[in-house]
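Visitor:
There are 2 protein chains.
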Amino acid sequence: MSRAVGRGAAVIEGRPLHPFDAARGLPRRPGTGAASRCQGCGARSVGLCAPLGPAALDDMAAETERVAVAPRTPLFHQGDDASHVYTLAEGAARLTRVLPDGRQAAIGFRLAGDIMGFTPATEHAFGAETLTRATICRVDRRRLDAMFRRHPVLERRFLELCAGELAATQDHVLALGRLTAQERVAHFLLSLAEAQERRGRRGPVFDLPATRTDIAELLGLTLETVSRAVSALRKRGWIKLHGLSAFEITERPSLAALAAGEGGA
Amino acid sequence: MSRAVGRGAAVIEGRPLHPFDAARGLPRRPGTGAASRCQGCGARSVGLCAPLGPAALDDMAAETERVAVAPRTPLFHQGDDASHVYTLAEGAARLTRVLPDGRQAAIGFRLAGDIMGFTPATEHAFGAETLTRATICRVDRRRLDAMFRRHPVLERRFLELCAGELAATQDHVLALGRLTAQERVAHFLLSLAEAQERRGRRGPVFDLPATRTDIAELLGLTLETVSRAVSALRKRGWIKLHGLSAFEITERPSLAALAAGEGGA
DNA sequence: AGCGGCCATTGACCCGAGTCAACGCGACGA
DNA sequence: TCGTCGCGTTGACTCGGGTCAATGGCCGCT
Chain A
7 MSRAVGRGAA VIEGRPLHPF DAARGLPRRP GTGAASRCQG CGARSVGLCA
57 PLGPAALDDM AAETERVAVA PRTPLFHQGD DASHVYTLAE GAARLTRVLP
107 DGRQAAIGFR LAGDIMGFTP ATEHAFGAET LTRATICRVD RRRLDAMFRR
157 HPVLERRFLE LCAGELAATQ DHVLALGRLT AQERVAHFLL SLAEAQERRG
207 RRGPVFDLPA TRTDIAELLG LTLETVSRAV SALRKRGWIK LHGLSAFEIT
257 ERPSLAALAA GEGGA
Chain B
7 MSRAVGRGAA VIEGRPLHPF DAARGLPRRP GTGAASRCQG CGARSVGLCA
57 PLGPAALDDM AAETERVAVA PRTPLFHQGD DASHVYTLAE GAARLTRVLP
107 DGRQAAIGFR LAGDIMGFTP ATEHAFGAET LTRATICRVD RRRLDAMFRR
157 HPVLERRFLE LCAGELAATQ DHVLALGRLT AQERVAHFLL SLAEAQERRG
207 RRGPVFDLPA TRTDIAELLG LTLETVSRAV SALRKRGWIK LHGLSAFEIT
257 ERPSLAALAA GEGGA
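Right, here's the structure in full:
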């Protein structure tokens, strides 16, 4: 999956060294292997590179660094210089922030094809970390701008992704502002399922790449409340759990109605 | 401010007719008056048109419709065809959604220069309505795309605005997910002040173009809780109210610390 | 096979914000 | 001038979700 970068050095299990720094200095072999590296990319059809032809893809490959990282690896921290933009080629990640007094919050989950770390500010307002084993591409902001000039279709695509991210974040605002705990959990499970379906996943069983604590931090709840809400949905027969990292939606219409906020009406 | 469109017909006080439909059929006089219409625009330095030269501005003026609208005028509704993009030239507006059971939520406030209604979907997920008397520009999505091709700098600017909106929305997610009622109100007042400062406003007194109910719907609270929080901040001597539509920040560092989430630590 | 750590679940109690209700005040029209 | 209406404020009570704590299952390690 990440052959072009070199295995051992890229896959790091929680060492203090940043994964991209670890890959620094390895032979980049610009231009070579672009086909093998990008052509078979898991995010090829949904991500930033979707509209690119073979030549542009080759150009892109030469400008980006790609690494495979372990679960729970930070990609960048809040306050870091926002000099790069990241795309998630494979796996799941989340954006987080910790408040001065220690409260922890997640502002969103990201799946294959999503972009991370694009901001108008000079530093990252949020940190990002992987939830699962993942493959990450990193581009320098200035190089990306240059790419935009060479391939206008790339800029158009980037704007689309940005708008999609905005829409998802707005949806999340609504959920945090007006939904109850159980509604939020229903909303989360449903949107996670839809995100996986958009990426080609079929069937009523989906991946759940998050612990109760992760979900709680995303939904503005505590892990106990999430656990109770999941149990309640299970007892109603609307969802089923398959181990700790997969779930099944057994009563989709009911779950959707709850997630949309059909309280009593 | 909106002379080119014609006064009487454009300023509507809560009639069922949509403001842009009311302006339909009026003489557009393409090309004329672009200088007077756009040159002195309140959002000229912060909005979408900021990087445009005189010629491009003229082009833009010919492609957009502009109306002045009364406070509390809906611009579009959730579910409407997302065929246009709106920019707020002057005044304040908010994006709202009403849940099936009647719960009302606002996902954001927008001020001069901000864009509204840009979404990857075919319909608007949220409605928009003015809070104050406002001036609105509307562009057809397809015409905007064509403009992007004629003026690449416009697309770059649009992407910047989109990223700014994303950053603001993410910040809002954090507030809703992890801040207490009083912290949220402090956060809101501070970000409203900062938004006005970014637009050139000076001094510790700022506009408050929202009722307690508006603020509550934005912050995921009730109007009573907002009122109590405002009173508490006033009693601490951190803010002062000037009538119903202006407020003063008298202890900015304290307010900022509270808004950032410095609970006990 | 036995042990220990991590994660999830469940229960009992508490608190911050929601709910319901009364009241004050300024704007506006009769 | 007075009555009314919309908005804001404040109080008393309720309740959803947070907090604290005990228990149990799964998995990897030895």
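These protein sequence lines are chains A and B, in that order. Residue numbers 7 to 271, in the numbering used here, belong to the letters of the first sequence in order. Residue numbers 7 to 271, in the numbering used here, belong to the letters of the second sequence in order. Glycine is no exception: its CB is placed at the ideal position from the N, C-alpha and C atoms.
I'd like to know if B/Asp301 contacts chain A, where contact means its C-beta is closer than 8 Å to some C-beta of that chain.
Guide: This structure cannot speak to residue 301 of chain B, because chain B is shown only from 7 to 271.
Visitor: Is A/Glu166 near A/Ala265, with beta carbons less than 8 Å apart?
Guide: no
Visitor: Kindly say whether B/Gly226, judged by its beta-carbon, lies nearer than 8 Å to any beta-carbon of chain A.
Guide: yes
Visitor: Flag A/Pro36 as yes if its beta-carbon sits less than 8 Å from any beta-carbon of chain B, otherwise no.
Guide: Confidence is the limiting factor: at A/Pro36 the pLDDT is only 48, short of 50, which leaves the residue's position unreliable, though a coordinate-based value still follows. Not closer than 8 Å to any Cβ of chain B, the Cβ of A/Pro36 fails to qualify, so no.
Visitor: Determine, using beta carbons only, whether A/His178 and B/Val179 come nearer to each other than 8 Å.
Guide: yes
Visitor: Examine chain B for any beta-carbon lying closer than 8 Å to the beta-carbon of A/Phe212, and answer yes or no.
Guide: no
Visitor: Just to make sure I have the definition right: I need the residues of chain B whose C-beta is within less than 9 Å of the C-beta of A/Pro106. Which are they?
Guide: Ala263, Ala266, Gly267, Glu268, Gly269 and Ala271
Visitor: Just tell me which of A/Phe26, A/Arg43 and A/Gly53 has its CA closest to the CA of A/Arg204.
Guide: Out of A/Phe26, A/Arg43 and A/Gly53, A/Gly53 has the C-alpha closest to the C-alpha of A/Arg204.
Visitor: For B/Leu117, count the other beta carbons within 10 Å of its own beta carbon; 16 or more makes it buried, fewer makes it exposed. Which is it?
Guide: buried
Visitor: I need the boundaries of the alpha helix (DSSP H) containing B/Val191, first residue and last residue.
Guide: Ala187 to Arg204
Visitor: Does the structure place the stretch 211-230 of chain B close enough to the stretch 138-158 of chain A that three or more beta carbon pairs sit under 8 Å?
Guide: Touching, no.
Visitor: Which residue comes first and which comes last in the beta strand (DSSP E) that contains B/Ala62?
Guide: Run containing B/Ala62: none in the beta strand (DSSP E); it sits in the alpha helix (DSSP H), Pro60 to Glu69.
Visitor: Which residues of the stretch 152-175 of chain B have a Cβ closer than 9 Å to any Cβ of chain A? Give them in chain order.
Guide: Phe154, Arg155, Pro158, Glu161, Arg162, Phe164, Leu165, Glu166, Leu167, Cys168, Ala169, Gly170, Glu171, Leu172, Ala173 and Thr175
Visitor: To the nearest angstrom, report how far apart B/Phe164 and B/Glu129 are at their CA atoms.
Guide: Going by the C-alpha atoms only, they are around 20 Å apart.
Visitor: Determine which residues of the stretch 110-126 of chain B have a Cβ less than 7 Å from any Cβ of chain A, and write them out in chain order.
Guide: So the list reads Ala111, Ile113, Phe124, Thr125 and Pro126, given in the order they occur along the chain.
Visitor: In whole angstroms, what separates the C-alpha of A/Gly206 from that of B/Pro77?
Guide: 45 Å
Visitor: What residue does the alpha helix (DSSP H) around B/Gln176 start on, and which one ends it?
Guide: Pro158 to Arg184
Visitor: Mapping DSSP to helix, strand and coil, what is B/Ala107?
Guide: Correcting the residue type first, residue 107 of chain B is Asp in the shown sequence and not Ala. Correct three-state label for B/Asp107: coil.
Visitor: Let me know the alpha helix (DSSP H) ranges lying completely inside the stretch 112-137 of chain A, each 4 residues or longer, listed in chain order.
Guide: none
Visitor: Mind checking which residues open and close the alpha helix (DSSP H) that includes B/Arg258?
Guide: Arg258 to Ala266
Visitor: For A/Thr186, count neighbouring Cβ atoms within 10 angstroms of its own Cβ and tell me buried if that reaches 16, exposed if not.
Guide: When all chains shown are included, A/Thr186 counts as exposed.
Visitor: What does the alpha-carbon distance come out to for the pair B/Leu198 and B/Thr175?
Guide: Answer to the nearest angstrom: the Cα atoms are 13 Å apart.
Visitor: Could you tell me if A/Ala252 is buried or exposed, where buried requires 16 or more neighbouring beta carbons within 10 angstroms of its beta carbon?
Guide: Here A/Ala252 is exposed. Its C-beta has fewer than 16 other C-beta atoms within 10 Å.
Visitor: Mind listing the chain B neighbours of A/Leu137? Cutoff is C-beta to C-beta under 9 Å, in chain order.
Guide: The premise fails here: A/Leu137 is roughly 18 Å from chain B at the closest Cβ pair, so nothing lies under 9 Å.
Visitor: Cβ closer than 7 Å: which chain B residues qualify as neighbours of A/Arg184?
Guide: Leu105, Arg109, Ala111 and Gly226
Visitor: Does any residue of chain B bring its CB to less than 8 Å from the CB of A/Leu58?
Guide: No - not a single Cβ of chain B is within 8 Å of the one on A/Leu58.
Visitor: From this set, B/Ala88, B/Cys55, B/Ala263 and B/His24, which residue's C-alpha is nearest B/Met6's C-alpha?
Guide: The requested residue 6 of chain B is not part of the displayed model; chain B covers only 7 to 271.
Visitor: Three-state secondary structure (DSSP) at B/Asp151?
Guide: In the structure shown, B/Asp151 falls within a helical segment according to DSSP collapsed to helix, strand and coil.
Visitor: Looking at the strands, I want to know which residues DSSP matches up with A/Thr102.
Guide: A/Ala112 and A/Gly133
Visitor: What does a CB cutoff of less than 6 Å around B/Ala235 pick up in its chain, not counting 5 residues either side in sequence?
Guide: Ala187, Gln188 and Val191
Visitor: Quick one: residues in its chain with C-beta nearer than 7 Å to the C-beta of A/His24, no 5 flanking neighbours on either side, listed in chain order?
Guide: Correct list: empty, nothing qualifies.
Visitor: Is it buried or exposed for A/Glu171, if we count other Cβ within 10 angstroms and need 16 for buried?
Guide: buried
Visitor: Considering A/Arg144, what are the terminal residues of the beta strand (DSSP E) in which it resides?
Guide: Ala140 to Asp146 is the extent of the beta strand (DSSP E) around A/Arg144.
Visitor: For chain A, find out if any of its Cβ atoms is closer than 8 Å to the Cβ of B/Phe82; answer yes or no.
Guide: no
Visitor: Under the rule that 16 or more other beta-carbon atoms within 10 Å means buried, what is B/Asp220, buried or exposed?
Guide: buried
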